[in-house]
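As you go down the protein sequences, you meet chains A and B in turn.
For the first sequence, my numbering begins at 12 and goes up steadily by one.
For the second sequence, my numbering begins at 80 and goes up steadily by one.
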Amino acid sequence: MSTENTALKVSNLSVSYGNVVAVHDATFTVAKGDACAITGPNGNGKSSILMGVTGMVRRRGGVEIFGAPAPSGDVRWAARHGLTLVPERRQLYPDLSAADNIILGCYAWTKSIGRARKSPSFGKAIELFPELKPHLKQAAGTLSGGEQQMVAIARGLASDPKILAVDEPCLGLAEAVAKRVYDVLAGIHEQGTTLIIVEEAPKRALTLCNRRVEVRNGVAADFRGDGPGEAGRT
Amino acid sequence: MKFGNLVIAGIVTGSIYAVFAVCVAVWYRVCNILNLAVGDFAMVGALGVDNLYRVKGLPLPVAIATTILVVGAFAYLYDQVVLRIAQDGPRRAEGIVVTFFFTFALSFFIDGVAKMLFGTDVHAAPALWSGQALTFASLHLERAGLLVLACAVIIGGAFWLYIRYTLGGKALEASGENVVGARIVGIDTRRYRRLIFVGTALIAAVFGIIESPITGYTYLSGATISLTGFLAAAYGGFRKPGRALVAGLAIGVLEALLGGYVSAEYGTTVLYAILAALVLAWPRGLGFESAVSG
């Protein structure tokens, strides 16, 4: 893979919480336009990889976003360079309205509410979810699980990401809602955004993803191919 | 008309409690620390201006500016040195130590320094707007009281506009709702911790300066104000600034009525007895559980 085609390059990434090592020496790259699944059993370090890459927790090892080396523990830097996280369990602001939740995604690049409201990224994020329209003024905590997931994705999109990292987007959602979430993610991918999706069950993720990184016991292995079983280590 | 005058006096002190309660509640939401030193900053404002103006002979505007500057600089340094090590360092302290200890210690520290600098007598900053109390029919309002109310309304209004109409204000609310969620969109919650702490110290100092001509302050006055602001914030579960505001006003009015009708001497004692009884009758209203467990 040539360097100018690389969206995200992770080398020897380690994340520990106190004495517990959650991720050990993970190395993988994601090309521009890829949809990459990070799969593996729960508690094996999938989310910690995303947390380390996006700067939510301190890490060792290198992370390059579009060729620029990312400082450890700086979420704002990562967001400004195009990498945004839609976290596990959504992490919304329950008492704020859905619209306020979404517009705060813009905080990554502006502090002006006027510019945020008029921005194409905010407009697109709102338009992508017509089902949220009647609920935009409602407190996010009162929305259904599926609607909350949509708000979380919309908040991620408002930051105008080139790489969107989504952690367990369908956790606790009914099958129909999960399908809708995946349809939206597929749409985002089609428009050129690079996707990284963390899923415990690879089956659904691999309907969309062309890449897969398998994590076991904090060790990441890069799989190639378009489905489980066809993998070869690189 | 005694009742009306007591209510007016109560609203004046209550507005201070309300503003302090909102400061305590908002700060707690952002960084999980209860500010028990808020009243001490008010005391330093009052006694500092008195000392510089009356004892050192500085012109009043210079005395006020110097005091406010010193309070702001001190609060900034305290955040940068103590709170930063406590909360941001690799060996961060957690739980009840952070929630209460650091600002409680700060309160004692400020009291000690104030005792050395200002002595133990009752003093007050000079009245900024001197003259007879304003009278409407048989209702009286001290000019200083009107200044306090005006200040409370301006500060409260500015804060409301900030929260309602700016992205920074919404980011502040988001930090209070969900710290992890706030960091995900790039909000620096430490910045808000510092901003609100320094802002609170400055607001407290200003209130101390304009209110002290009514009540007079000693180096120990801060603790009572902090305690009352803290209790008002507690009635909002430390997480609902709106309820803290109402509770602050209510406590102020109740305090004045008790002082006027029950006993000037034991009014405060009865007040705290009533507040304690309310806590017993309505424990869920108090946020101690959530405050301690975070």
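Don't be surprised by glycine CBs; every beta carbon is placed ideally from N, CA and C.
Residue 220(A) - partner residues in DSSP beta bridges: Beta-bridge annotation (DSSP): residue 220(A) is not paired with any residue.
Where the region 247–278 of chain B meets chain A: residues whose CB sits under 8 Å from a CB there: Of all residues in the region 247–278 of chain B, only 247, 249, 250, 252, 253, 256, 257, 259, 260, 261, 262, 263, 264, 265, 266 and 267 come within less than 8 Å of chain A when Cβ atoms are compared, listed by chain position.
Assigned exposure category for residue 218(A) - 16 Cβ within 10 Å defines buried: exposed
Residue of 41(A), 76(A), 25(A) and 78(A) minimising C-alpha distance to residue 55(A): 25(A)
Nonlocal neighbours in the same chain, by C-beta distance under 7 Å from residue 39(B), ignoring five residues either side: Past the edges of chain B, shown from 80 to 373, lies residue 39(B), and the structure says nothing about it.
As assigned by DSSP and simplified to three states, the class of residue 267(B): coil
Where residue 194(A) falls, given that 16 or more other Cβ within 10 Å makes a residue buried: By the neighbour-count definition (other C-beta atoms within 10 Å, threshold 16), residue 194(A) is an exposed residue.
For residue 157(A) and residue 187(A), the rounded distance between their alpha carbons: A direct Cα-Cα distance of roughly 10 Å separates residue 187(A) from residue 157(A).
Beta-carbon proximity list for residue 39(A), same chain, < 7 Å, skipping 5 on both sides: 21, 224, 231 and 233
Selected residue, minimal CA-CA separation from residue 318(B), among 108(B), 284(B) and 97(B): 108(B)
Chain-ordered chain A contacts of residue 244(B) [CB-CB under 8 Å]: 124
Within 8 Å, strictly: CB atoms of residue 84(B) and residue 102(B): no
Residue 316(B) versus residue 179(B) - alpha carbon distance: 15 Å
8 Å Cβ cutoff, residue 117(A) in contact with chain B: For residue 117(A), at least one C-beta of chain B is nearer than 8 Å to its own C-beta.
Assumed close pair residue 89(A), residue 81(A) - CB separation to whole angstroms, cut-off 8 Å: 6 Å
Span separating the alpha-carbon of residue 201(B) from that of residue 185(B): 22 Å
Touching by the beta-carbon criterion (3+ pairs, under 8 Å), the region 258–275 of chain B and the region 206–220 of chain B: These segments do not touch.
Heavy atom of the ligand NAP within 7 Å of residue 267(B) beta-carbon: Among the components modelled here there is no ligand, and therefore nothing to report on the ligand NAP.
Collapsed DSSP secondary structure at residue 71(A) in the structure displayed: strand
Cβ-based neighbour list, residue 339(B), same chain, cut-off 7 Å, excluding 5 preceding and 5 following: 81 and 85
Interface flag, residue 180(A) vs chain B, CB-CB below 8 Å: no
Assigned secondary structure, residue 196(B) (DSSP; H/G/I helix, E/B strand, else coil): helix
Nearest to residue 347(B) (by Cα), restricted to the options 357(B), 307(B), 320(B) and 291(B): 307(B)
Beta-ladder partner(s) of residue 46(A), from DSSP: 206(A)
Where residue 232(A) meets chain B, residues with beta-carbon distance less than 9 Å: The premise fails here: residue 232(A) is roughly 27 Å from chain B at the closest Cβ pair, so nothing lies under 9 Å.
Closer than 8 Å to chain B by CB, residue 171(A): no
Start and end residues, beta strand (DSSP E) containing residue 174(A): Segment 174–178, the beta strand (DSSP E) holding residue 174(A).
At least three beta-carbon pairs within less than 8 Å, the region 31–47 of chain A to the region 198–214 of chain A: yes
Contact set for residue 172(B): own chain, Cβ-Cβ below 7 Å, skip 5 residues either direction: Excluding residues within five positions, the ones whose Cβ falls inside 7 Å are 165.
Nearest neighbour of residue 70(A), chosen from 116(A), 121(A) and 28(A) [CA to CA]: 28(A)
Residue 152(B) versus residue 73(A) - alpha carbon distance: 38 Å
Identity of the residues DSSP links to residue 131(B) by a beta bridge: Beta-bridge pairing links residue 131(B) to no other residue.
Neighbourhood of residue 34(A) by C-beta, 7 Å cutoff - its chain only, sequence neighbours within 5 removed: 24, 25, 26, 56, 59, 60, 63 and 229
Uninterrupted alpha helix (DSSP H) stretches inside the region 230–258 of chain B (no shorter than 4 residues): 246–256
Residue 132(A) versus residue 142(A): straight-line alpha-carbon distance, rounded: 18 Å
Validate contact between the region 114–123 of chain B and the region 277–294 of chain B using beta carbons, cut 8 Å, 3 pairs: Flag = yes, the region 114–123 of chain B and the region 277–294 of chain B touch.
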